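Numbering (this note's numbering), first residue to last: 1 to 319.
We treat Cβ as the ideally placed atom computed from N, Cα and C, and that holds for glycine.
Remember, predicted model here, so these are calculated numbers, not experimental data.
In structure tokens:
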């Protein structure tokens, strides 16, 4: 499959700082460039291209475009990176008689021959708890819940967090990983090879009739932390592709309402409106609930809320 010149140009117009933030990095502005808190050898210029001032890495891994950034830091090949960037930009690619709402299935065909093997368990979840609870503000009981369900654990290699997506019978079909700390600048966030992108990290709540849709698993967990009494099923798309939602609805036809809790940024708002219209047309009750300004996603909202609560406790102790 070839991309048009316009599609490649659009992929290279995506804000590289936003891409880095979406992968979990902390972007900092220094003078006329940006860098990453986790890797201060990185320089991002014009929010569109980057370079790394280090001789430790092979040629081709020290700079380039947004495509090269995803290739080096997310383990994608060039085609995957272009699809990712187009999806991130909210682009809908038309082919023949169908409008591709989800760009992921094109990659699925390339990966289906690869064996899907979950990463080996580290033996404990020490780093997982430290990262999710103390850096991401996720309530410990929420972490406990998903760990006990067996769909959240710490991998042996690099201590990455593994988020597992299962089918209706509980069989793992999908898994994504997120690093808890930078490891030589690589492998910070990626999907496990051979996974089925029609599935995603999710929670089924029997009898609720509602499913809440997020971009990321950590946003899903943040929502539960902030609204623990809200009983509903939940699905994390992974990005903005809705294949995991379509699968969930097919497996749970009793669902009547869909709430879209995507990121409060340009691509997230655009995708929320598009998906709301799409599923309204399918007969579902739909609504959009984005995090309030100035928060870009539910995890940022959750982290800032937790900070405010802790500061209030300190003030009360000082009285």
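Let's see if you can read the secondary structure: which residues bound the beta strand (DSSP E) around residue 228?
Here residue 228 refers to the residue found at position 228 when the chain shown is read from its first residue. Annotation for residue 228: no beta strand (DSSP E) segment contains it, and DSSP assigns it neither H nor E.
Taking the alpha-carbon positions, what's the residue 65 to residue 50 distance?
For this step, residue 65 is matched to residue 65 along the chain shown. For this step, residue 50 is matched to residue 50 along the chain shown. Approximately 7 Å between the Cα atoms of the pair.
Give me the Cα-Cα distance between residue 284 and residue 231, rounded to the nearest whole angstrom.
Stepping through the chain shown from its first residue, residue 284 is reached at position 284. Stepping through the chain shown from its first residue, residue 231 is reached at position 231. Near 18 Å, if we compare the C-alpha coordinates of residue 231 and residue 284.
Inter-residue spacing [alpha-carbon to alpha-carbon] between residue 294 and residue 79
As a working note, residue 294 is residue 294 in the chain shown. As a working note, residue 79 is residue 79 in the chain shown. If you take the alpha carbons of residue 294 and residue 79, they lie about 34 Å apart.
So, using beta-carbon positions, are residue 73 and residue 23 closer together than 9 Å?
Counting from one through the chain shown, the residue named residue 73 turns up at place 73. Counting from one through the chain shown, the residue named residue 23 turns up at place 23. Between residue 73 and residue 23, the CB-CB gap stays under 9 Å.
Name the residue from 161, 75, 148, 276 whose alpha carbon lies nearest to the alpha carbon of residue 218.
Within the chain shown, numbered from 1, the residue matching residue 218 stands at position 218. The shortest Cα separation from residue 218 among 161, 75, 148, 276 belongs to 161.
How many angstroms separate the CA atom of residue 124 from the CA atom of residue 271?
Here the question's residue 124 lines up with position 124 in the chain shown. Here the question's residue 271 lines up with position 271 in the chain shown. If you draw a straight line from the Cα of residue 124 to the Cα of residue 271, it comes to about 37 Å.
Spatial neighbours of residue 290 within its chain, please: CB distance less than 6 Å, with the 5 preceding and 5 following residues excluded, ordered by chain position.
Position 290 of the chain shown, counting from 1, holds the residue named residue 290. Exclusion of the five residues before and after residue 290 leaves 264 as the residues of its chain whose Cβ lies within less than 6 Å of its Cβ.
Assign residue 293 to one of three DSSP states: helix, strand, or coil.
The sequence position of residue 293 within the chain shown is 293, counting from 1. Per DSSP, reduced to three states, the secondary structure at residue 293 is coil, with no helix or strand assignment.
Cα separation between residue 107 and residue 302?
Residue numbering aside, residue 107 sits at position 107 when the chain shown is read from its first letter. Residue numbering aside, residue 302 sits at position 302 when the chain shown is read from its first letter. Confidence in residue 107 is poor, its pLDDT being 40 and thus under 50, which makes the residue's placement unreliable; the coordinate value appears in the next sentence. Those two C-alpha atoms are separated by around 33 Å.
Mind checking whether residue 234 and residue 205 have CB atoms under 9 Å apart?
Working through the chain shown from its first residue, we reach residue 234 at position 234. Working through the chain shown from its first residue, we reach residue 205 at position 205. Using a Cβ distance threshold of 9 Å, residue 234 and residue 205 count as a contacting pair.
Using the beta-carbon count (16 or more within 10 Å), is residue 313 buried or exposed?
The sequence position of residue 313 within the chain shown is 313, counting from 1. Exposed.
Note down, in chain order, each residue of its chain lying with its Cβ closer than 6 Å to the Cβ of residue 104, except the 5 sequence neighbours on either side.
On the chain shown, residue 104 is found 104 positions in, with the first residue counted as 1. Its pLDDT being 39, under 50, residue 104 is placed unreliably by the model, and nothing is read from it.
Residue range of the unbroken alpha helix (DSSP H) whose run includes residue 190
Translated into the one-based positions of the chain shown, residue 190 becomes position 190. Residue range 189-191 is occupied by the beta strand (DSSP E) that includes residue 190, with no alpha helix (DSSP H) assigned at that position.
Hey, quick one: how far does the alpha helix (DSSP H) through residue 266 stretch, first residue to last?
Working through the chain shown from its first residue, we reach residue 266 at position 266. Its alpha helix (DSSP H) spans residues 266-280.
Given this structure, state the Cα-to-Cα distance separating residue 195 from residue 173, to the nearest angstrom.
In the chain shown, counting from the first residue as 1, residue 195 sits at position 195. In the chain shown, counting from the first residue as 1, residue 173 sits at position 173. Rounded to the nearest angstrom, the gap between the Cα atoms of residue 195 and residue 173 is 6 Å.
Quick one, which of 87, 136, 126, 281 has its alpha-carbon nearest residue 25's?
Locating residue 25 in the chain shown gives position 25, counting from the first residue. The closest CA to that of residue 25, considering only 87, 136, 126, 281, is found on 136.
Is the beta carbon of residue 48 sitting closer than 9 Å to the one on residue 13?
The residue labelled residue 48 in the question sits at position 48 within the chain shown. The residue labelled residue 13 in the question sits at position 13 within the chain shown. Cβ distance < 9 Å, so residue 48 and residue 13 count as in contact.
Looking at the structure shown, is residue 17 part of a helix, part of a strand, or coil, going by DSSP?
Indexing the chain shown from 1 puts residue 17 at position 17. For residue 17, the secondary structure class from DSSP, reduced to helix, strand or coil, is helix.
The beta strand (DSSP E) enclosing residue 151, as first and last residue numbers:
Residue numbering aside, residue 151 sits at position 151 when the chain shown is read from its first letter. That residue, residue 151, is in no beta strand (DSSP E); it is neither H nor E in DSSP.
Please name the residue or residues paired with residue 23 in a DSSP beta bridge.
In the chain shown, the residue the question calls residue 23 occupies position 23. The partner list for residue 23 (beta bridge, DSSP) is empty, contrary to what the question assumes.
Rounding to the nearest angstrom, what Cα-Cα distance links residue 214 and residue 239 in this structure?
On the chain shown, position 214 is the one that residue 214 refers to. On the chain shown, position 239 is the one that residue 239 refers to. The C-alpha of residue 214 lies about 9 Å from the C-alpha of residue 239.
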